[in-house]
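Colleague: Below you'll find the structure I mean.
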Amino acid sequence: MTETDTSSDAAAETTVRVRGIYTTAVTHRLETSAEADFSVVQASEPIRERFDQAFETAPADAAVETTRDRQGVGVSGSADAVELVAAELADLAIDTFRWESTVPRGAVFDAEVIDAAGGSGAVVDLGQGRRGYLKYDDVDGYVDKGNRYRVQVTEPTPPWDDDQPRVEPTLAVRSGLCTLSQDRTGVSAALRGERADELVGMTDLLSVDLPQGWGLRWQHTATDADLGAMETALESVAGRARALESDLADAPDEPGEPGLLAAPRATEWLWFGRDSRFALDEARRAVETTMPGHHRTKAADRAASSAVDFAEAVCGSVVDDLESGEDAFPFDAVSRQFGPLSGDRLEIGHGKPDGRLISLGYGDVTEWDPEGKVTLERSMGGGGSYDALGTPKEDGDTAVTKFREGRWWYPTTYKGADGSSKGTYVNICTPVELLPDTVRYVDLYVDVIRQPDGEVEVVDEDQLEDAVADGLVSEELAEKAKSVATAVERALSK
């Protein structure tokens with residue numbers, strides 16, 4: 001079949017999109033290949049950080065994706081690009097195995113239902129012993145044995161997997177940036193908000209004619225693309241859609257006997273044995289902290305995969321901190337793995353020296369910093385006044401609280417619906433812990449406030465003295481609280 005991606009010429013640069021647990025190792029392998037000129041595109045944020053380089057947001061000639069069971073990868077794309085990428089990865093180690101798929105991604109078949117007995121889908125015959133899986137929800141009307149459909153492969157499966165390739169009764173041309181499909185109309189985006197509107201609107205600026213009967217949907221990756229990359233991507237999928245229509249021009253209008261009608265793309269599978277995974281470890285180790293057996297462990301279980309990420313992040317961050325005498329707690333690693341992160345909801349767990357735990361409510365994490373900083377925003381209800389500040393609580397007020405892991409205090413600024421300040425309240429407490437779903441500390445009673453007019457005052461020192469007298473707070477801890485309050489007061493008064 002004709003492949004319209006001009007960049008898939010074996011003599012030219014081959015662009016590759018990589019996803020899954022082998023991404024870092026495969027990216028390094030491709031970028032340093034002596035056999036072919038590969039360029040990784042559409043890189044994820046962790047990969048950009050890890051390699052500390054800019055990766056182009058451009059259409060990919062081939063895509064490498066980890067299989068669902070984590071035992072290997074699938075490579076799909078133009079035939080020339082797939083051949084180059086698969087050959088590069090097949091040379092990893094003695095126990096790397098490679099197979100060409102007989103049901104590649106994007107292939108079009110006439111299919112006949114051979115088993116529609118229950119479940120959420122039917123098994124279909126694709127001809128020559130090939131099988132596919134058609135979900136009932138993807139089909140209009142009742143699905144019964146003997147029904148025939150024209151389908152396209154949307155999710156191929158490796159030869160070692162018992163599952164059948166997923167097929168759908170529509171035509172689509174997909175890339176990492178955008179998708180053209182015959183079951184959509186117009187232009188849309190796979191995201192919401194202002195950026196989605198921008199992507200849809202920017203389409204009018206692209207001098208690309210879309211084929212009749214195909215709808216365009218921009219993917220989230222397109223948010224990082226400039227107009228040139230968007231136009232190139234749209235030209236690519238439009239050309240591939242027209243080529244697919246040409247391949248199917250002689251096919252009958254109605255589905256016939258099961259069989260292959262068009263295979264515009266190729267898919268190959270690579271299974272990684274133990275030596276292969278250790279070879280991938282070596283490639284990854286050239287870029288990032290990598291424990292022995294990294295890929296061997298990740299391939300075993302999702303929970304083990306998370307544990308590997310955590311252990312390596314800790315190992316990569318703790319040594320320097322210990323040598324410098326700094327706090328060696330790896331907040332960045334812990335928070336990225338378990339939370340909290342931007343968009344999470346956190347409860348403020350306000351502990352008391354007598355053992356009580358009082359919830360100050362929940363807030364949304366609006367800002368996150370790998371150095372251990374989190375900003376929490378809460379909506380406040382009307383009625384009463386803010387402690388010590390005396391300013392009234394009103395509907396529409398917001399409380400913006402800034403926490404930092406390990407700090408002995410945290411500030412909350414109260415704002416009215418019009419954005420005006422209603423004062424700042426700084427709580428003095430034991431070192432803050434930013435747990436995945438809760439901020440924890442123990443309140444030390446003494447606090448510092450700043451009124452809307454700028455006046456600063458230390459309050460509730462008597463409560464701290466009472467707690468010391470009652471044996472709830474040690475004198476040493478009380479002195480620490482007072483010194484922190486004095487430092488905060490001085491800072492707020494400047």
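Mapping to the UniProt record's numbering: the sequence shown position 25 is 25, numbers consecutive. We treat Cβ as the ideally placed atom computed from N, Cα and C, and that holds for glycine. Small disclaimer: the values here were computed from a predicted structure and weren't measured.
(1) Between 470, 428, 436, which lies nearest to residue 487 when the distance is taken from Cα to Cα?
(2) Tell me the DSSP secondary structure of residue 208 in three-state form.
(3) Residue 341: buried (16+ other C-beta within 10 angstroms of its C-beta) or exposed?
(4) Taking the beta strand (DSSP E) that residue 438 falls in, what are its first and last residues?
(5) Does residue 141 come within less than 8 Å of chain C when only Cβ atoms are used?
(6) Around the C-beta of residue 142, are 16 or more other C-beta atoms found within 10 angstroms, so that it is buried, or is it exposed?
(7) Can you round the beta-carbon distance between residue 110 and residue 257 to whole angstroms, since I take them to be within the 8 Å contact cut?
(8) Can you check DSSP and say which residues form a bridge with residue 350?
(9) Shortest alpha-carbon distance to residue 102 belongs to which of 470, 264, 392?
(10) From the DSSP output, in three-state form, read off residue 422 for me.
(11) Are the CB atoms of residue 96 and residue 90 nearer to each other than 8 Å?
(12) So residue 151 packs on residue 241, CB below 8 Å; how close in whole Å?
(13) With H, G and I counted as helix, E and B as strand and the rest as coil, what does DSSP make of residue 313?
(14) Report, in whole angstroms, the separation of the C-beta atoms of residue 410 and residue 398, which I expect to be a contact under 8 Å.
(15) At 3 residues or longer, and completely inside the stretch 143–167: list those beta strand (DSSP E) runs for me, N to C.
(16) Just the Cα atoms here: how many angstroms apart are residue 186 and residue 245?
(17) Does the beta-carbon distance from residue 333 to residue 314 come in below 8 Å?
(18) What separation, rounded to the nearest whole angstrom, lies between the Cα atoms of residue 471 and residue 389?
(19) Who does residue 266 pair with in a DSSP beta bridge?
(20) Just grab the DSSP bridge partners of residue 272 for me.
(21) Who are the near neighbours of residue 182 in its chain, counting only those whose CB is closer than 8 Å to its CB and skipping five residues on each side?
(22) What is the residue span of the alpha helix (DSSP H) that residue 236 lies within?
(23) Go through its chain and collect everything with a Cβ distance to residue 480's Cβ below 6 Å, but skip five positions before and after it.
(24) List the endpoints of the continuous alpha helix (DSSP H) containing residue 469.
(25) Do residue 287 and residue 55 come within 8 Å of each other at the CB atom, strictly closer than that value?
(26) Just verifying my parser: in three-state terms, what is the DSSP assignment at residue 411?
(27) Check whether the Cβ atoms of residue 384 and residue 395 lie closer than 8 Å to each other.
(28) From the DSSP secondary-structure annotation, give me the bridge partner or partners of residue 109.
(29) If I follow the unbroken beta strand (DSSP E) through residue 493, where does it start and stop?
(30) Kindly identify the DSSP beta-bridge partner or partners of residue 218.
(31) Using a 10 Å radius around the Cβ and a threshold of 16 neighbouring Cβ atoms, would you call residue 22 buried or exposed?
(32) Residue 298: buried (16+ other C-beta within 10 angstroms of its C-beta) or exposed?
(33) If I'm right that residue 63 touches residue 77 with Cβ under 8 Å, what's the distance once you round it to whole angstroms?
(34) Please report the straight-line C-alpha distance between residue 461 and residue 449, rounded to a whole angstrom.
Modeller: Here's the rundown:
(1) Checked all of 470, 428, 436; the closest Cα to residue 487 is 428.
(2) Residue 208: coil per DSSP, three-state reduction.
(3) Around the beta carbon of residue 341, a 10 Å sphere encloses fewer than 16 other beta carbons of the protein chains shown; the residue is thus reported as exposed.
(4) Per DSSP, the continuous beta strand (DSSP E) segment holding residue 438 begins and ends at 438–450.
(5) In the structure shown, chain C does not exist; there is a single protein chain.
(6) That one is exposed.
(7) Confirmed, about 7 Å.
(8) Residue 350 pairs with 358, 441.
(9) Cα-wise, what sits closest to residue 102 is 264.
(10) Three-state DSSP puts residue 422 in a strand.
(11) By the CB criterion at 8 Å, residue 96 and residue 90 fall inside the cutoff.
(12) Contact between residue 151 and residue 241 does not hold, since the beta-carbon distance rounds to 17 Å and is not under 8 Å.
(13) The answer is helix: DSSP assigns residue 313 an H, G or I state.
(14) The pair is not a contact, with the Cβ atoms about 16 Å apart (cut-off 8 Å).
(15) The qualifying runs are 148–155.
(16) Distance between the alpha carbons of residue 186 and residue 245: 19 Å.
(17) Against a cut-off of 8 Å, the Cβ pair of residue 314 and residue 333 comes out as a contact.
(18) So the alpha carbons of these two residues sit roughly 29 Å apart.
(19) According to DSSP, which records beta bridges pairwise, residue 266 is partnered with 77.
(20) 96.
(21) Here the set comprises 170, 171, 172, 213, 214, 215.
(22) Run containing residue 236: 227–247, per the alpha helix (DSSP H) assignment.
(23) No residues qualify anywhere along the chain.
(24) If you look at residue 469, you'll find it in the alpha helix (DSSP H) that goes 461–469.
(25) No, the pair does not count as a contact, with Cβ atoms beyond the cut-off.
(26) Strand at residue 411.
(27) Cβ distance not < 8 Å, so residue 384 and residue 395 don't count as in contact.
(28) In the DSSP secondary-structure assignment, residue 109 is bridged to 151, 260.
(29) Residue 493 -> not in any beta strand (DSSP E); alpha helix (DSSP H) instead, spanning 475–493.
(30) Looking at the DSSP assignment, residue 218 forms a beta bridge with 178, 189.
(31) The C-beta of residue 22 has 16 or more other C-beta atoms within 10 Å across all chains shown, which makes the residue buried.
(32) So residue 298 ends up on the buried side.
(33) The Cβ separation is near 6 Å, so the contact holds.
(34) Straight-line Cα distance between these residues: approximately 13 Å.
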